[in-house]
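First up is the structure itself, then whatever we jot down about it.
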Amino acid sequence: MFSEEFRQAISSANSVMILTGAGVSKESGLDTFRDAGGHWSRYNPIELASPQGFAADPKLVWEWYSARKEKALAAEPNPGHFAITEMEQIFPNFSLFTQNVDRLHQKAGSKKVHELHGNIMSAHCNNCGLVYMNEIDITQGLPHCAVCGGYARPSVVWFGEQLPEEILEKAINFTKSVDIFFTIGTSAEVYPAAHLPHLAKESGAFVVEVNPNETSFTRFADISFRNPSGEILPKILNLIKEVKSYG
Ligand SMILES: [Zn+2]
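Numbering (numbering that gives the first Met the number 0), first residue to last: 0 to 246.
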C-alpha cells in the first residue's frame with residue numbers, strides 16, 4: 000500500500016518532524032472547539048478562549064477549562080499517539096510539535112513534546128506570569144496569584160494571542176532542516192502553524208499528510224493519507240521498522 004518513493008524517503012531519512020492537531024485528539028474522544036456540544040455550544044469561542052472573554056467573565060472561562068481538563072484526564076491516547084511515541088525512539092533526530100493542549104502525547108510516552116498552544120493542565124498568573132501547576136481548584140473560588148493577587152489563568156494560547164516565540168522559532172528551524180515532515184490531523188488553516196508544512200516543502204523535505212478530510216495543503220503534500228491517524232500511523236510505523244531494519 001506504500002509507494003516506493005515513500006520507502007526511499009524513509010530509508011534515507013535521519014530527521015523527522017511531526018506536527019499534530021485536533022484530529023488526533025478527536026480520535027481519543029476529545030472534541031474540537033467547534034463541535035464541543037452540549038452546554039458549551041451556546042457560547043461563542045471568543046467568550047471562552049480569549050483575553051477579552053477572560054476579562055469579562057473569568058469564572059465562565061475557568062469552568063470551561065476545568066470541564067475540558069477533566070475530560071482530557073479521563074481520555075486515553077489512541078494507536079496514533081503510540082505510533083508517534085515509537086517513531087521518536089527510531090529516528091535519532093526527531094521532533095514533535097503539537098497544537099493540542101490535552102497532554103495525550105505525554106500520556107502515550109512521548110518524551111519531548113513541544114506545545115505550540117500551551118496545555119490545559121497548567122495555569123499561570125494573568126498579571127505577573129508566575130506559573131502554577133496542578134494547584135488550581137475552582138470549587139474553592141477563582142484562583143488568585145499568591146504573589147501579586149492577580150487572577151491565575153489556564154496556560155493555553157487564546158484567540159488573539161501570539162504563540163510562544165521560543166517554541167515557534169524551534170519549530171521553524173526544525174522544519175527548514177528536516178528530511179521527512181508529517182502533518183497529522185490538522186486542518187492547515189490556522190496560522191502560523193499552518194505555514195510549517197509549506198515551509199517544509201519549500202525547504203526540500205518529503206511531506207506526508209494524514210487527515211480523513213482533504214485540506215488546503217493536500218495538493219502540496221508528497222503523500223496524503225485519507226485515514227484516521229490511529230489507523231494509518233501504526234502501518235507507517237511498521238513500514239519504518241521494516242525499511243530501517245532491512246533497507
Ligand atoms: Zn501574579
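Just so it is clear, CB atoms sit at the ideal spot from N, CA and C, and this is done for glycine as well.
Within its own chain, the residues whose Cβ lies closer than 6 Å to the Cβ of G20, once the five positions on either side in sequence are excluded, are Q98, G184, T185, listed in chain order.
In the three-state reduction of the DSSP assignment, H104 falls in the helix class, which pools H, G and I. In the displayed model, P78 falls within a helix according to three-state DSSP.
Between the stretch 100 to 116 and the stretch 84 to 92, the count of Cβ pairs shorter than 8 Å is three or higher; the stretches touch. In the three-state reduction of the DSSP assignment, L238 falls in the helix class, which pools H, G and I. The DSSP assignment places 164 to 176, 195 to 201 as complete runs of the alpha helix (DSSP H) inside the stretch 160 to 214, in order along the chain (cut-off: 4 residues).
Looking at G203, G229, E213, D136, the one whose alpha-carbon comes closest to that of S176 is G203.
Short of 7 Å from the beta carbon of V242, and not among the five residues preceding or following it, lie these beta carbons of its own chain, in chain order: R6, I9, S10. Using a Cβ distance threshold of 8 Å, C124 and G159 do not count as a contacting pair.
F180 is positioned such that its CB atom lies closer than 8 Å to that of M16. Note that the C-beta distance between V100 and S228 is not below 8 Å. Counting C-beta atoms within 10 angstroms of its own C-beta, R225 has fewer than 16 neighbours from the protein chains shown and is therefore classed as exposed. Setting aside the 5 residues that flank it on each side, F93 is surrounded in the same chain by V15, E87, each with a C-beta closer than 6 Å to its C-beta; the list follows chain order. Counting only heavy atoms of ligand 1, the residues whose C-beta sits closer than 5 Å to one of them are, along the chain, C124, N126, C127, L129, C144, V146, C147, G149.
Distances from the CA of A71 to each of M120, E62, H38, W39 were compared; the closest alpha carbon is that of M120. A Cβ-Cβ distance of about 7 Å is found for the pair S2 and I222, placing them in contact under the 8 Å criterion. Residue pairing by DSSP puts M16 in a beta bridge opposite S94, F180.
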